[in-house]
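Peer 1: Pasting a structure below so you can have a look.
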Amino acid sequence: MPEQPLSSRLKDNHDVLQSIFKDCSDMVYREMAITPEQRALLVYIEGTVKSEDLQDHILRPVIVGLLRAEMHERDAYLGTLDETRVSLTQVKRIDNWGGITEAVLDANAILLVEESASAYAFSVKGGVRRGVEEPTTESVIRGPREGFTEQIRVNTALVRFKLKTPLLKMYSLTVGEETKTSVVLAYIEEIADPKLIADVKERLKAIKIDGVLETGYIEELIEDHPFSPFPQMEYTERPDTVTGHLLEGRFAIFVDGSPFALIGPITMWQMMQASEDYYERFFISNLIRWVRMFCMLMALFLPSLYIAVTTYHQDMLPSTLILSIAAAREAIPFPALVEALLMEIAFEALREAGIRLPKTVGQAVSILGALVIGQAAVQAGIVSAPMVIIVSMTGIASFTIPRFNFAITIRMLRFPLMLAAGALGLFGIVIGTVLISVHLTKLTSFGVPYLTGVSPYSRNDQKDIFSRVPWWSMNRRPSWLSHQDRKRMRQDMNGTADKEKGW
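If you use UniProt numbering, the sequence shown corresponds to residues 1 to 503, in order.
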């Protein structure tokens, strides 16, 4: 059926279309007489096309042109619809049913004419879609306010507005047997590694699935280590973030229907960086980045350290502090491990409830729930006040991690470290830390080591890991990403202003 040619009889083509789209109530079949002697059929899916474009750019030019043409010129007129007769940028002729079906489902309007074995597909995509808005998951104080939408061509255009170069390539393919989802791989040709881009293309082509609804499908199907808790791709809804990574030699993947773009390859250090780090002056960005790193360690180790010290290593604390903790835990019936697990699970449940509930009540429920449960649990003697403080500090610290998928990983690893601390004390924490470190050293993102810059060590890449040097000093792209054009700046900008002023 896909390769079967169209019939020259309009009624036969109409019957075939109705059999293909049987029980599809949103299909529109508009029969009309374009001339007294010739009939036509316009087919489209309601809600996916612009009705104004149908009228102004298809129906009016076709009907008026045919009425003005002489009888013997009408066949020639119809034969040039895809060239000059219709004022649309994307018009193509189709002569088989596979092409017709695909075009209709891709929000095209199809025009079939009596005594013609060809149809014309007009790109008049429309419908109600969300416009460009400020990103909700990556808010900044200083920086652009535009974010991606669910329309893939709007997203690629937002990147094109920032990268005005023909070297920016947009490789397109379709993924999903049923959804026929458009996927675009973006990269800068003379900066990105050709071997990396070829590898990503092969991974995308190898995907065989019935449907793709979000970038998460693509991420799980092409990552190096699917069983690792650590994310191996970054996702963002900010065009400026995508542009910055493309300029360093990475690639981006856009999926139609998703406002998020995937970025790879990545390192662990990248997951602790926010786009605003590059918009503020470098010493401000460094202070915020150091606070962020410290909070990440606190979110991972603070509960397990509290359990280990209060259970096995009380002599590490000052006498006044250990007496205060002992007095607070005197009436608590549970050991520190059970106490911490109860509070952490309750905190995670409240956090999830705050996300899933409507915005009008979500924040109120999460805040009141934390206050009421924490206060009531302390008064009832189920948990101690120090444990409430520890869990609260841990939760606040986890909110400072800029990448949500990396923050979830830290939250997940917190629980096995707590169990190890409850079983073996500080030795358990050391063992857990060693296992995590070994896993990180073996982890890769599209062949790039996850700890690149530190392991393996690169002196040049130290300029943007734990701290960021001034822009005039970052004159080279990361050595592990860009193997072609390494220079970011064509001249040394260091001290330019001082030299001009004679300082």
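Ideal Cβ positions, reconstructed from N, Cα and C, are used throughout, including at glycine.
Grouping DSSP H, G and I as helix and E and B as strand, with all else coil, what is residue 584?
Peer 2: Residue 584 lies beyond the stretch modelled for the chain, which goes from 1 to 503, so this question has no answer here.
Peer 1: Of the choices LYS11, VAL49, GLN38, whose alpha-carbon is the least far from that of VAL28?
Peer 2: VAL49
Peer 1: Which residues does DSSP list as the beta-bridge partners of ARG476?
Peer 2: In DSSP, ARG476 forms a bridge with LYS487.
Peer 1: List the residues that DSSP assigns as beta-bridge partners of ALA252.
Peer 2: For ALA252, DSSP records a beta bridge to ALA186, ILE263.
Peer 1: May I ask you to verify whether the stretch 263-276 touches the stretch 155-169, counting CB pairs closer than 8 Å and requiring at least 3?
Peer 2: By the Cβ rule, the stretch 263-276 does not count as touching the stretch 155-169, because fewer than three pairs are nearer than 8 Å.
Peer 1: Here's the rule I'm using: 16 or more other beta-carbon atoms within 10 Å means buried, otherwise exposed. How should CYS24 be labelled?
Peer 2: exposed
Peer 1: Helix, strand or coil for PRO416 per DSSP?
Peer 2: helix
Peer 1: Take ILE322 and list the residues in its own chain whose beta-carbon comes closer than 7 Å to its own, dropping the five residues that flank it on each side.
Peer 2: GLN314
Peer 1: Between which residues of its own chain and LYS162 is the CB-CB distance below 8 Å, once the five residues before and five after are set aside?
Peer 2: PRO239, ASP240, THR243
Peer 1: Let me check understanding here. Comparing Cα to Cα, which of ASP106, VAL200, ARG414 lies closest to LEU300?
Peer 2: ARG414
Peer 1: Taking one C-beta from the stretch 288-307 and one from the stretch 411-429 each time, how about it: are there three or more such pairs within less than 8 Å?
Peer 2: yes
Peer 1: Mapping the DSSP letters down to three states, classify ALA353 as helix, strand or coil.
Peer 2: helix
Peer 1: Out of SER228, ALA380, SER473, LEU481, which has the shortest C-alpha to C-alpha gap to LEU435?
Peer 2: SER228
Peer 1: Keeping to the same chain, check which residues put their C-beta closer than 8 Å to that of ASP461; ignore five residues upstream and five downstream.
Peer 2: THR452, GLY453, PRO478, SER479, TRP480
Peer 1: Here's the rule: buried if 16 or more other CB atoms are within 10 angstroms of the residue's CB, otherwise exposed. What is ARG411?
Peer 2: buried
Peer 1: Given this structure, state the Cα-to-Cα distance separating PHE283 from ARG468, to the nearest angstrom.
Peer 2: 8 Å
Peer 1: Please return the same chain residues whose Cβ sits closer than 8 Å to the Cβ of ILE431, not counting the five positions on each side in sequence.
Peer 2: ALA420, LEU424
Peer 1: Does the Cβ-Cβ distance between SER455 and THR444 come in under 7 Å?
Peer 2: no
Peer 1: How close, in whole Å, do the beta carbons of LEU342 and VAL383 come, if the pair is a contact with beta carbons under 8 Å?
Peer 2: 7 Å
Peer 1: Within the continuous beta strand (DSSP E) that includes VAL454, where are the two ends?
Peer 2: Looking at the DSSP string, VAL454 is not in any beta strand (DSSP E), and its letter there is neither H nor E.
Peer 1: How is GLN4 classed by DSSP in three states: helix, strand or coil?
Peer 2: coil
Peer 1: Three-state secondary structure (DSSP) at ARG38?
Peer 2: Reading off the sequence, residue 38 comes out as Gln, not Arg. Here GLN38 sits in strand by DSSP.
Peer 1: I'd like to check one pair, GLY216 with PHE446: are the Cβ atoms closer than 7 Å?
Peer 2: no
Peer 1: Can you tell me where the beta strand (DSSP E) with GLU234 in it begins and where it stops?
Peer 2: Here the beta strand (DSSP E) through GLU234 covers 234-236.
Peer 1: Identify the continuous beta strand (DSSP E) that holds ALA198 and give its terminal residues.
Peer 2: Per DSSP, ALA198 belongs to no beta strand (DSSP E); it is in the alpha helix (DSSP H), 194-205.
Peer 1: My output table needs one value for TRP503: the three-state DSSP class, helix, strand or coil.
Peer 2: Since pLDDT at TRP503 reaches only 41, below the 50 mark, its modelled position is unreliable, and no value is offered.
Peer 1: Ignore the nearest five residues each way along the sequence and tell me which others in GLY126's own chain have a CB closer than 6 Å to its CB.
Peer 2: VAL49, LYS50
Peer 1: Does LYS428 pass the burial test, meaning 16 or more other C-beta atoms within 10 Å, or should it be called exposed?
Peer 2: Residue identity differs from the one stated: residue 428 is Gly in this sequence, not Lys. The residue in question, GLY428, is buried, as its Cβ has 16 or more Cβ neighbours within 10 Å.
Peer 1: If contacts are defined as beta-carbon pairs under 8 Å, then LEU6 and ASN96 qualify, I think. What distance do you get, rounded to the angstrom?
Peer 2: 7 Å
Peer 1: Expressed to the nearest angstrom, what Euclidean distance is found between the alpha-carbon atoms of VAL338 and ALA397?
Peer 2: 22 Å
Peer 1: Would you give the residue range spanned by the beta strand (DSSP E) that LEU112 belongs to?
Peer 2: 108-113
Peer 1: So, using beta-carbon positions, are ILE197 and LEU246 closer together than 7 Å?
Peer 2: no
Peer 1: Which same chain residues, not among the five before or five after MET387, have their C-beta less than 7 Å away from its C-beta?
Peer 2: Scanning its chain for C-beta atoms nearer than 7 Å, with the 5 sequence neighbours on each side dropped, one finds around MET387 the residues GLU339, ALA340, MET343, in chain order.
Peer 1: Grab me the residues of GLN484's own chain with a C-beta within less than 7 Å of its C-beta, minus the 5 sequence neighbours each way, in chain order.
Peer 2: GLU190, ILE191
Peer 1: Where does ILE45 fall in DSSP's three states?
Peer 2: strand
Peer 1: What do you get for GLN18, buried or exposed, if any count of 16 or more other CB atoms within 10 angstroms of its CB means buried?
Peer 2: exposed
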